[in-house]
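Numbering (this note's numbering), first residue to last: 365 to 1240.
All C-beta atoms, glycine included, are put in the ideal place defined by N, C-alpha and C.
Keep in mind it's a predicted model, so treat the numbers as computed, not measured.
The block underneath contains the structure these notes are about, expressed in structure tokens.
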């Protein structure tokens, strides 16, 4: 039901509640049994540690490796060898990948738990005509809920009585200012959540005044419950990297099966034993798959996570590290993310739009704002409603001592603020009489003033001066400033405490304009985003004029852009919203479901979307986005629980550094894929060409697996530590639909794979022809094994950049140097130590053989330099 449209009597009638006595205890018990406790439901999607571990295996590449391990064991059993070393090594790498992924990713979905923690523990209600304090979980629809300053709101409700009641609901609505509540009904049906002044929302809290509320919804039926339901029904989508690796895994799987079939058929045509050919074909298919790739990607992402933690970013979902680097649109909440979530006086003026330099007038205005102020002062710090606090801080900035001023001019009476009056008045005792101070909306105060301050004195506030004051008020409002005027009147005798007496013939002193100010570092961050080809978009529950003004100041809302409100969104189809998303950079007065639709509209246009936010109302959109970034300090636990990244310093600029890190990680993963696949193609061609020529197998399955899992993996991991290129933030974002092998990478992988295969075949041929007279194929296989392994270690240096290696500092990636030394040492140990040589079926090499091996292994350096000169001449 639209309770905000009803008068209180009608709402009470529908809920069968007595407006004074409340529910009876029996009715409350019946409704509690019928409606359930005032709590949020548990999520069905919460998984145990075991199931989250199993989820790490939900990847085509991982399943392919598990299948390869099973086939390896079956073949070993059928051949009577009972050698399961291959399978053990494959399983080891798969389990390592799963453990790393589980360790880095979030332990549990915390969003709903955090929502539950926001609930008030106790509530005061009227039942049987008596005020009772009960657990908040036992509040039911129809209860009369009593609220006062400091109370947390435990249920949604229709305001029945308001005594200057103000609630803070920014976490739910995005509205920066507290909302004054009223019992007036008859609001339009389409009234936005943040504009329903006669309703309070669960999850908010009272910042001022008192009130009586008729509870209309509890638990999952509240606005907060609706957000919780959206969270539980929002699924995590695959990141662009996951999609590309999934695609790559499928392509490799299909390729592996094709190789199996081709090799097997070739063997049969050559009249070789079918079982022997089947084992050879499967072994080669296993070699075609880069077994270490999933673990290497996980390790590279984990190392990026570690670096990002040093830059105030906590990563909750591992793949999010890379995804942010591909962000094309950043949708950001305004309140608390782009702004500071506090009101601040940015300008003050007399009636004529001049910021007076007269010290007496400046001091007068500051004193008046300090006197007519409801803030509490503790050790010089102000506590109170944001507008009051902003005016008080402005007064303090002029040097006023609140405690001394209030002691010298004590308040003896007041007429409180109300939404109908739009002003408040306080009466104070002075040394020579009394002074009344009135503060409120300028258009209201102007009509109450007969004089105004000009210079150090007072002059008649004639029509010309009032016209100037109205113009000034309009100009300040157009800048999205909240304008408050202040006036006063001095008395020789104590006046009656009535509106008629205190609020006429006033002296107009001045106006203050205040705003929730932007964070100082955000403007530069927005500029860097645009420079990097990333489009910033503001999504807020605040008013459209305020949003436009902040957006314009930060560089988000530019010439030619449009702004759309939530009411306008409701009238748009999804297709119309997709079209509007092309030019809209500001979305204002939006509800949580609007934010989800906006994010989805950008995603449907093919964009990778990041969403930043800090409130409960941001959580569904944070979860829907490709990458959700929550604020660590000001962010609610709900937002953090729904996010992929948490910016611990609440600094929007930190996201720029995170984007830089993400782009660097993607580049490095691409380098690792380039390196691994070119190496694997080299291995495949070595076996395939040898079979075409009718040669014996140059490499054995155990040797291929060693190269894949050990000598390939070390440099691939080290490439993940390669420093980002200097111009990385000057490039446009990569295309979401772009292939992992775009920009000619596929051709280079194939060409370099051929190079490595030719080198290994040369080593096998030379070793067999010149040195294998007495050892069968032992020397040839050993040299081929050594060249394949060592040439790939050397080839890793070619992956560091698109340009010549001569342009890169030799020691800038010490991890790659260490990987080369360790990998080469391990390879030499395998060949030279008898126990290991027996396992890998190799023989020791003499000096001449080592020199030939070294020459062939170093060949990739000059050959790839030549290739770069032809392929990328501009980067030579």
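Who pairs with residue 679 in a beta bridge, going by DSSP?
1009, per the DSSP bridge assignment.
Is the beta carbon of residue 503 closer than 8 Å to that of residue 518?
With contacts defined by Cβ atoms closer than 8 Å, residue 518 and residue 503 form a contacting pair.
With distance defined between alpha-carbon atoms, name the residue in 532, 1148, 405 nearest to residue 1130.
When each option's Cα is compared against that of residue 1130, the closest is 1148.
Proximity winner among 974, 531, 1146, 576, relative to residue 508 (alpha-carbon distances)
With respect to the C-alpha of residue 508, the residue from 974, 531, 1146, 576 having the closest C-alpha is 576.
Using 8 Å as the threshold, is the C-beta distance between residue 583 and residue 804 below it?
Between residue 583 and residue 804, the C-beta gap is not smaller than 8 Å, which leaves the two residues out of contact.
Per DSSP, what kind of secondary structure is residue 893 in: helix, strand or coil?
Helix, per DSSP.
Which partner residues of residue 587 appear in the DSSP bridge assignment?
According to DSSP, residue 587 bridges with nothing at all.
Helix, strand or coil at residue 1210 according to DSSP, with G and I counted as helix
Correct three-state label for residue 1210: coil.
Below 8 Å, can you find three or more Cβ-Cβ pairs linking the stretch 673-687 to the stretch 858-873?
The stretch 673-687 vs the stretch 858-873: no contact.
Per DSSP, residue 509 is paired with what?
Bridge partners of residue 509: 489, 577.
Contact check, residue 873 vs residue 848 under 8 Å by CB: the rounded distance?
Residue 873 to residue 848, Cβ: 11 Å. No contact.
Which residues DSSP lists as bridging residue 804, in chain order:
DSSP lists 787, 849 as partners of residue 804.
Is it buried or exposed for residue 1056, if we count other Cβ within 10 angstroms and need 16 for buried?
Answer is exposed; the Cβ neighbour count stays below 16.
Buried versus exposed call for residue 670 [16 or more other C-beta atoms within 10 Å across all chains shown]:
Answer is exposed; the Cβ neighbour count stays below 16.
On the DSSP bridge list, what partners appear for residue 663?
When DSSP reads this structure, residue 663 sits in no beta bridge, so it has no partner.
Assign residue 792 to one of three DSSP states: helix, strand, or coil.
In the structure shown, the three-state DSSP call for residue 792 is strand.
Just the Cα atoms here: how many angstroms apart are residue 1046 and residue 695?
Residue 1046 and residue 695: Cα-Cα distance of roughly 45 Å.
Does the beta-carbon distance from residue 1020 to residue 892 come in below 8 Å?
Cβ atoms of residue 1020 and residue 892: closer than 8 Å.
Classify residue 926 as helix, strand or coil using the three-state DSSP reduction.
In this structure, DSSP gives residue 926 an extended state, which the three-state scheme calls strand.
In the DSSP assignment, find the alpha helix (DSSP H) that holds residue 389 and state where it starts and stops.
389-399 is the span of the alpha helix (DSSP H), which, as asked, contains residue 389.
Note down, in chain order, each residue of its chain lying with its Cβ closer than 7 Å to the Cβ of residue 1049, except the 5 sequence neighbours on either side.
Within the same chain, residue 1049 has close Cβ partners 1117, 1118, 1121.
Quick check: residue 1088 and residue 1027, are their CB atoms within less than 8 Å of each other?
Taking 8 Å as the Cβ cut-off, residue 1088 and residue 1027 qualify as a contacting pair.
Closest by CA to residue 1158, which one among 1039, 1199, 836, 1095?
Nearest C-alpha to residue 1158: 1039.
Let me confirm a value: residue 591 is counted as buried when at least 16 other C-beta atoms fall within 10 Å, else exposed. Which label applies?
Sixteen is the threshold: when 16 or more other Cβ atoms of the shown chains lie within 10 Å of the Cβ of residue 591, as they do, the residue is buried.
Going by C-alpha to C-alpha distance, which of 370, 1043, 554 sits closest to residue 548?
When the alpha-carbon of residue 548 is set against those of 370, 1043, 554, the nearest one is in 370.
C-alpha distance - residue 871 paired with residue 815, whole-angstrom precision:
About 5 Å.
Applying the 10 Å Cβ sphere with the 16-neighbour rule, what's the burial state of residue 1199?
Here residue 1199 is exposed, its C-beta having fewer than 16 other C-beta atoms within 10 Å.
Short Cβ contact (8 Å threshold) for residue 890 with residue 919
Contact flag set, yes.
Using 8 Å as the threshold, is the C-beta distance between residue 773 and residue 794 below it?
Yes.
Three Cβ pairs or more, each shorter than 8 Å: is that satisfied between the stretch 733-741 and the stretch 901-916?
Three or more beta-carbon pairs separated by less than 8 Å are not found between the stretch 733-741 and the stretch 901-916, which leaves the two stretches without contact.
Using the DSSP secondary-structure output, state which residues sit across from residue 746 in a beta bridge.
Its beta-bridge partners are 741.
Going by DSSP in three states, residue 816 sits in which element: helix, strand or coil?
Residue 816 falls in the strand class under three-state DSSP.
Is the distance from the Cβ of residue 915 to the Cβ of residue 936 below 8 Å?
The Cβ atoms of residue 915 and residue 936 do not sit closer than 8 Å to each other.
Examine the Cβ distances between the stretch 625-637 and the stretch 978-996 and report whether three or more of them are shorter than 8 Å.
Contact fails: fewer than three Cβ-Cβ distances are below 8 Å.
Check residue 1175 in the structure and name its three-state DSSP category.
For residue 1175, the three-state secondary structure derived from DSSP is coil.
If you follow the beta strand (DSSP E) that residue 368 is in, where does it begin and where does it stop?
Counting along the chain, residue 368 falls outside any beta strand (DSSP E), and DSSP gives it neither H nor E.
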